[in-house]
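Mapping of the sequence shown onto full-length UniProt numbering: residues 1 to 384, in sequence order.
Just so you know, even glycine gets a beta-carbon here, dropped at the ideal spot from N, CA and C.
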Amino acid sequence: MNAKEVFAWRAQEDTWVLQLLHFPEISGGSFVASTSSGGLALFSTASFNQAPIYTNEKAHESSINSIAKVNESVFVSASTDGLKVWDLSNGLQKPVASFTNSKSSNFLSVAASPDGQLVAGGTELAGVDAELHIWNWQSQKLVKLLVDSHHDDITDIKFHPTLTQYLMSGSTDGYVNVYDLREEDEEEALHQVINFNSVHTCNFIRERRILVLSHMETLLFSELNNVDYENPEEPLPKDVGDLRVWPHCEYVVEVSPLGYAAFGANLEQSLLVMPFDSQSEEFDKTQIVSFPGAHGEEVVRDVLLVPRSKLVITCGEDGVIKAWELPVELQGVNVVKGGKTEVKEKKKKDKKDKKEKKEKKDKKDKKDKKKKDKRGKDARFKPY
Numbered sequence: 001m002n003a004k005e006v007f008a009w010r011a012q013e014d015t016w017v018l019q020l021l022h023f024p025e026i027s028g029g030s031f032v033a034s035t036s037s038g039g040l041a042l043f044s045t046a047s048f049n050q051a052p053i054y055t056n057e058k059a060h061e062s063s064i065n066s067i068a069k070v071n072e073s074v075f076v077s078a079s080t081d082g083l084k085v086w087d088l089s090n091g092l093q094k095p096v097a098s099f100t101n102s103k104s105s106n107f108l109s110v111a112a113s114p115d116g117q118l119v120a121g122g123t124e125l126a127g128v129d130a131e132l133h134i135w136n137w138q139s140q141k142l143v144k145l146l147v148d149s150h151h152d153d154i155t156d157i158k159f160h161p162t163l164t165q166y167l168m169s170g171s172t173d174g175y176v177n178v179y180d181l182r183e184e185d186e187e188e189a190l191h192q193v194i195n196f197n198s199v200h201t202c203n204f205i206r207e208r209r210i211l212v213l214s215h216m217e218t219l220l221f222s223e224l225n226n227v228d229y230e231n232p233e234e235p236l237p238k239d240v241g242d243l244r245v246w247p248h249c250e251y252v253v254e255v256s257p258l259g260y261a262a263f264g265a266n267l268e269q270s271l272l273v274m275p276f277d278s279q280s281e282e283f284d285k286t287q288i289v290s291f292p293g294a295h296g297e298e299v300v301r302d303v304l305l306v307p308r309s310k311l312v313i314t315c316g317e318d319g320v321i322k323a324w325e326l327p328v329e330l331q332g333v334n335v336v337k338g339g340k341t342e343v344k345e346k347k348k349k350d351k352k353d354k355k356e357k358k359e360k361k362d363k364k365d366k367k368d369k370k371k372k373d374k375r376g377k378d379a380r381f382k383p384y
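This is the structure:
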C-alpha cells in the first residue's frame, strides 16, 4: 500500500526539520516543527499553506534537540541554551518560562508530566555525569535534581502516563533508569536499571511494559519492576534484536506506543510505516504502508500520524515537511492520561535530613539488589 503526498512545505537552506508535535485544539488543527537552526514554526493541518501561523527562527541559539507537549496549547523545547516553555495561545515570540543549569550544559532531551505541571530535561555529558533536572514550569522551581545515575548523554526521558510517580531516562551509556519521584534521595529514587545498548528512545507502552530502541536499531521489551524488594523476580526482558531485518530498513525512526513503527532506507529513498500492537508486542508485516520518494536520500527525522484520520506529516534532513494521505486509517492505541505527578519540590538538606537517610540504609540495601545482574556485578557500571 502506498501513501499519497498531498502537500509539501518548502525547505530552508542548510536546515534540518527535526521533530513534530500535534496540537488539534489550536487553529482548528495544527503542528509545531523544530529545526536544526534553532527555529520553531506552527503550521495548519486544517488548510495547508506555505506560510506558518506562527514562527520564531531564533527560538533557541542552536539546534533544538527535543520538544515535548505539556498540554493542549503549551510545549517545551531543549537546546544548548536550556529549556524553554512556549504557550501557543501567545504565539512563538517569547517563552513563558526558561530554565538552565549551573554548568550551562546542552540539554538533549525533554519531557512533560501527564498533569502538565512538570518539565524534565536531560543533559549532555559534562565532566563525569549527565544531569536530569525536573522543574515546576509555572512556579519555575526546581523540584528534583538527579546527577549520579548516568555517565553519558541522556538522550530520552519519559514520565509514566498513569503510574505518575515514575520517570524513565535513557542514555548513550547503554542504560535505561526508572526513578520513583516520591523518594528524596537519588540512590533511593533509582527504582530500576535496564542494561541494553546506547538508547535512542524509550517508552512506556503499557502500564508495566517498557520499550527501548537503541542507536544500533535493536529493540528490547522489558517489565517495570514491582516494589517487592524482598522478592524482585520479574519476567526476563524480550530482546527482539536488530530491526534491520525488516524489508527496506536501514534505520528506525521510532516504534510508537500509539501503534506503529516507522523506518526508512536512504539509498532506496524510502519510508515505511508498519502497524505495531503494544499488547502483543508484535508487528504486522502484511500491512506496511510505503511513502514513495519520502525525503529523498536524506534521513526522515519524525513521523506524525494524526489520530482518527488518514493524515500523516513527515519531516527530515532535507529540510522539507510533507503531508500524506494514507490508503487506510491506522488504528493506534490511545495513551491514558495520568493524574497529578507525585514529586516534592527540592529543599535544602539539614542535619536532620542526613540522619534520616542513615536510618533508611536497610531499605537502600534492598534496592541495591535490583541493580545486580545474574553474575552479582553492578550492571549500571559495566563498561559500555
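Looking only at Thr80, Val328, Gly316, Glu325, the smallest Cα-Cα distance to Leu18 is reached by Gly316.
Here Gln93 is exposed. Its C-beta has fewer than 16 other C-beta atoms within 10 Å. Counting only the Cα atoms, Ala46 lies some 7 Å from Ser30. In this structure, Ile205 is the residue among Gly293, Ser149, Ile205 with its C-alpha nearest to the C-alpha of Ala261. Annotation: Val176 to Lys238 spans about 15 Å, alpha carbon to alpha carbon. In the structure shown, Ser214 falls within a strand segment according to DSSP collapsed to helix, strand and coil.
Note on Gln140: under 16 other CB atoms within 10 angstroms of its CB, so exposed under the neighbour-count rule. According to DSSP, residue pairing for Ala97 in a beta bridge involves Val85. Distance from the CA atom of Ser169 to the CA atom of Ile157, rounded to whole angstroms, is 4 Å. The Cβ atoms of Gly39 and Asn65 lie no closer than 8 Å to each other. Rounded to the nearest whole angstrom, the CA to CA distance from Lys58 to Ser37 is 8 Å. When the Cα atoms are used, Ser198 and Leu125 turn out to be separated by approximately 14 Å. In this structure, Ser109 and Ser77 do not form a Cβ contact; the two beta carbons are roughly 11 Å apart against a cut-off of 8 Å. The beta carbon of Pro52 sits closer than 7 Å to the beta carbons of Ala41, Leu42, Phe43 from its chain, once the five residues preceding and following it are set aside; these are given in chain order. Only buried fits Met274, as 16 or more other CB atoms lie within 10 angstroms of its CB.
For Lys69, same chain residues with a beta-carbon under 7 Å away, outside a window of 5 residues either side, are Leu21, Phe75, Ala112 in chain order.
With distances taken between CA atoms, Val212 lies nearest to Val253 out of Val253, Glu184, Glu188, Glu234.
For Glu254, the uninterrupted beta strand (DSSP E) run begins and ends at 251-256, by DSSP. Secondary structure at Val320: coil, using DSSP grouped into helix, strand and coil. In this chain, Ala3 is not harboured by any alpha helix (DSSP H), its DSSP state being neither H nor E. With respect to the C-alpha of Val85, the residue from Lys103, Ser62, Val320, Gln117 having the closest C-alpha is Gln117. Around the beta carbon of Asn226, a 10 Å sphere encloses fewer than 16 other beta carbons of the protein chains shown; the residue is thus reported as exposed. Among the bridge pairs identified by DSSP, Ser79 is matched with Gly82. By the criterion of a C-beta distance shorter than 6 Å, Asp284 is surrounded in its chain by Pro275, once the five residues flanking it on both sides are discounted. Taking the CA atoms as reference points, Val240 sits about 10 Å from Glu217. In this structure, the CA atom of Leu305 is about 16 Å from the CA atom of Ser278.
If you draw a 10 Å sphere on the C-beta of Arg10, you find fewer than 16 other C-beta atoms in it, and that means exposed. Exposure of Phe48 is indicated by the presence of fewer than 16 other C-beta atoms within 10 angstroms of its C-beta.
Residue nearest to Val299 within the set Pro327, Ser290, Gln269 is Gln269 (criterion: CA-CA distance).
By the Cβ neighbour-count rule, Pro257 is buried, with 16 or more other Cβ atoms within 10 Å of its own. For Pro235, the closest of His200, Ile194, Asp180 by C-alpha to C-alpha distance is Ile194. The Cβ atoms of Phe196 and Leu224 do not sit closer than 8 Å to each other.
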